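Engineer: Each residue of the sequence shown is one higher than the last, beginning at 2 in our numbering. We treat Cβ as the ideally placed atom computed from N, Cα and C, and that holds for glycine. Note that the structure is a prediction, hence the values are computed from the model and not measured.
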Amino acid sequence: MAQLDEKKAREEISKGIFRPVYFCWGEDQFRAADFLGVLRSKFLEVEIHHGDELDPVILSDSLKSLSLWQRERKLILVRSADAVSARKWERLLETIAAPDEENVLVFLATKADARTRHVQALGKSERAAVVKFDALKEGELGQWASYFARRLGKELRPDARALVLDWCGSSLFDVAQTIEKAALFAGSAPALDEEHVVAVGVKSREESVFPLVDALLGSDARAALDLVERLIPGEEPLQVLGLISKQYHWMLRILALRAEGVPDDGIVQKLRMHPVQFRKLSAAARRFGAWRVTGCLGHVVGADLALKSTREPPRQVLGRLVLDLTAVSEGERPVVRR
């Protein structure tokens with residue numbers, strides 16, 4: 002099957018067409034998580050494994066067993082697939098090649114080395130679809146904004162889309178959250194106008210999270226935890242998470258634009274950032290490096306999934322996120338909990 006275009010994969014899933022195996026990877030973990038959410042919504046039973054503790058024998062048995070819902074297929078997800086050892090991949094490739102499996106298997110990874118045997122084998126397999134989630138290109142963010150609105154049964158008017166992009170910068174996470182809130186506010190209205198976006202007040206709320214971001218980047222876990230306690234009563238947990246996410250997305254974009262030779266003034270203009278905010282995030286981005294910033298975003302994605310798919314108290318989810326992010330700020334290796 003080799004590479005499968007993300008758009009085509011989504012279209013197939015919407016029509017009830019599923020590939021036996023998906024290998025999803027790339028730096029845009031929000032889009033990967035969103036794709037996974039679309040896929041999960043089509044199954045009554047979802048079974049989750051983790052790459053660092055995966056047992057190929059158990060996974061093989063699971064693939065061959067029936068769903069608890071009788072004849073329904075089940076979705077089997079392997080998170081952190083880049084943590085699976087080469088020896089275990091040898092056994093997994095044998096399992097994937099078996100012709101009698103009825104369930105759907107998904108591997109989710111942040112990285113994939115094309116030189117490794119399992120990546121090459123998956124790329125050549127007739128049973129596997131490799132879906133890559135690259136960073137969005139210039140102009141694609143607006144298309145995604147319209148897609149999120151359509152998914153909620155709304156048309157996104159040009160003035161509303163322009164305002165969403167202006168307020169949310171390059172963060173797809175923030176775009177999705179803003180449109181979701183605007184759609185709720187719009188009620189039965191068929192389209193989202195500028196007034197609906199203004200009503201959710203995203204821009205004015207950013208200022209309340211700045212001290213929290215300063216504490217996170219400064220490795221001050223105690224101050225960050227205290228600020229989370231103050232923010233939770235007045236802000237939606239997902240809104241707080243979205244604003245945190247935006248800062249790390251900006252840091253990643255700053256590093257990418259710097260690597261392309263874009264001057265500081267050009268970056269500020271391109272990302273629509275305040276110069277003071279740029280100076281803070283630019284210094285942090287230089288100190289962190291792309292690898293650690295990506296690790297932080299992985300923690301944010303994990304917190305997003307926990308808030309949406311578990312009953313864990315938001316205060317506990319955000320508190321754990323604070324500890325994870327400040328640990329990375331102190332120089333610890335980012336080990337993401339999914």
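Once DSSP output is grouped into helix, strand and coil, what is the label at A146?
Structural biologist: Note: A146 maps to helix in three-state DSSP.
Engineer: Can you find the residues in the same chain that come closer than 8 Å, C-beta to C-beta, to L153, ignoring five residues on each side of it along the sequence?
Structural biologist: Cβ neighbours of L153 beyond the five flanking positions: I180, E181, A184.
Engineer: Which same chain residues, not among the five before or five after A192, have their C-beta less than 7 Å away from its C-beta?
Structural biologist: The residues are K155, E156, R158.
Engineer: I want to check one thing, is the minimum distance from the CB of E13 to the heavy atoms of the ligand SAM below 7 Å?
Structural biologist: With respect to the ligand SAM, the structure shown offers nothing to examine, as it has no ligands at all.
Engineer: Let me confirm a value: R334 is counted as buried when at least 16 other C-beta atoms fall within 10 Å, else exposed. Which label applies?
Structural biologist: In this predicted model, R334 has a pLDDT of only 47, less than 50, meaning its place in the structure is not dependable enough to derive any value.
Engineer: What distance in whole Å lies between the Cβ atoms of L45 and E73, which are believed to be in contact at a cut-off of 8 Å?
Structural biologist: Contact flag correct, Cβ pair sits at about 5 Å.
Engineer: By the three-class DSSP mapping on this structure, what secondary structure does I233 have?
Structural biologist: Note: I233 maps to coil in three-state DSSP.
Engineer: Please tell me whether P57 and L93 are closer than 8 Å, where the distance is taken between their beta carbons.
Structural biologist: Cβ distance < 8 Å, so P57 and L93 count as in contact.
Engineer: Would you mind working out which of Q317, L308, F289, K271 sits nearest A328, comparing C-alpha positions?
Structural biologist: It is F289 whose Cα lies nearest to the Cα of A328.
Engineer: Are there 16 or more other CB atoms within 10 angstroms of the CB of T311, so buried, or fewer, so exposed?
Structural biologist: With fewer than 16 other Cβ atoms within 10 Å, it is exposed.
Engineer: Mapping DSSP to helix, strand and coil, what is S205?
Structural biologist: Because S205 carries a pLDDT of 40, less than 50, the predicted location of this residue cannot be relied on, and no value is offered for it.
Engineer: Give me the residue from L173, A130, T117 with the minimum Cα distance to G140.
Structural biologist: Cα-wise, what sits closest to G140 is L173.
Engineer: Use the C-beta contact count for I18: other C-beta atoms within 10 angstroms, 16 or more gives buried, fewer gives exposed.
Structural biologist: Exposed is the call here.
Engineer: Buried or exposed, going by whether 16 or more other CB atoms sit within 10 Å of the CB of T295?
Structural biologist: It counts as buried.
Engineer: What's the C-alpha gap between E195 and L166?
Structural biologist: Cα-Cα distance, rounded: 12 Å.
Engineer: What are the residues that DSSP puts in a beta bridge with V1?
Structural biologist: Because the chain in this structure spans residues 2 to 339, residue 1 falls outside the shown range and cannot be described.
Engineer: Do V187 and R162 have their C-beta atoms closer together than 8 Å?
Structural biologist: According to the sequence as given, residue 187 is Ala; it is not Val. No, the pair does not count as a contact, with Cβ atoms beyond the cut-off.
Engineer: In terms of alpha-carbon separation, which member of L164, L228, H51 lies closest to V199?
Structural biologist: With distances taken between Cα atoms, V199 lies closest to L164.
Engineer: Mapping DSSP to helix, strand and coil, what is F19?
Structural biologist: The answer is coil: DSSP assigns F19 none of H, G, I, E or B.
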